[in-house]
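Chemist: Shown below is the structure under consideration.
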Amino acid sequence: MSIVNKVTPKDELLGEARSLAEETAKNSPLALAYAKAAVDISIETSLEQGLRFETAAIRATLASEDYQAGLTAFAERRPPSSLP
Numbered sequence: 246m247s248i249v250n251k252v253t254p255k256d257e258l259l260g261e262a263r264s265l266a267e268e269t270a271k272n273s274p275l276a277l278a279y280a281k282a283a284v285d286i287s288i289e290t291s292l293e294q295g296l297r298f299e300t301a302a303i304r305a306t307l308a309s310e311d312y313q314a315g316l317t318a319f320a321e322r323r324p325p326s327s328l329p
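Be aware that the sequence shown starts at 246, since it is given in the numbering used here, and climbs by one per residue.
Below you can see the structure in the form of structure tokens.
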């Protein structure tokens, strides 16, 4: 498993971090929260428990307004608008 996906010179690090944060912030807050929770949970639980959590998270995400807004935006060939 690779953890490092980019090596950045020290003097460019802050700019790269900001760019990554801006790209991440464009994603669904709900999906990001579930992804973070899945990583956190994976440290403390069994594979079976982790997969159960992941399945529940996917179901919740697919039923969300964020998901529907993303599908609509994709179909209309535009970026999704931010949800609160």
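Just so you know, even glycine gets a beta-carbon here, dropped at the ideal spot from N, CA and C.
When we look at the beta-carbon of S291 and count the other beta-carbons within 10 Å, is it buried (16 or more) or exposed?
Modeler: exposed
Chemist: Three or more C-beta pairs under 8 Å: does that hold for the region 254-267 against the region 281-289?
Modeler: As far as the Cβ criterion goes, the region 254-267 does not touch the region 281-289, which means the pair count is below three.
Chemist: Pick out whichever of G295, A301 and V249 has its Cα sitting closest to the Cα of A276.
Modeler: A301
Chemist: How would you call S273, buried or exposed, if buried means at least 16 neighbouring beta carbons within 10 angstroms?
Modeler: buried
Chemist: Please list the terminal residues of the continuous alpha helix (DSSP H) segment that includes V284.
Modeler: DSSP places V284 in the uninterrupted alpha helix (DSSP H) bounded by P274 to E289.
Chemist: Return the first residue and the last residue of the alpha helix (DSSP H) that R297 is part of.
Modeler: L292 to L307
Chemist: By the 10 Å Cβ neighbour count, where 16 or more other Cβ atoms means buried, how is D236 classified, buried or exposed?
Modeler: Past the edges of the chain, shown from 246 to 329, lies residue 236, and the structure says nothing about it.
Chemist: Expressed to the nearest angstrom, what Euclidean distance is found between the alpha-carbon atoms of I248 and K255?
Modeler: 18 Å
Chemist: What did DSSP end up calling R322 once you bin it into helix, strand or coil?
Modeler: coil
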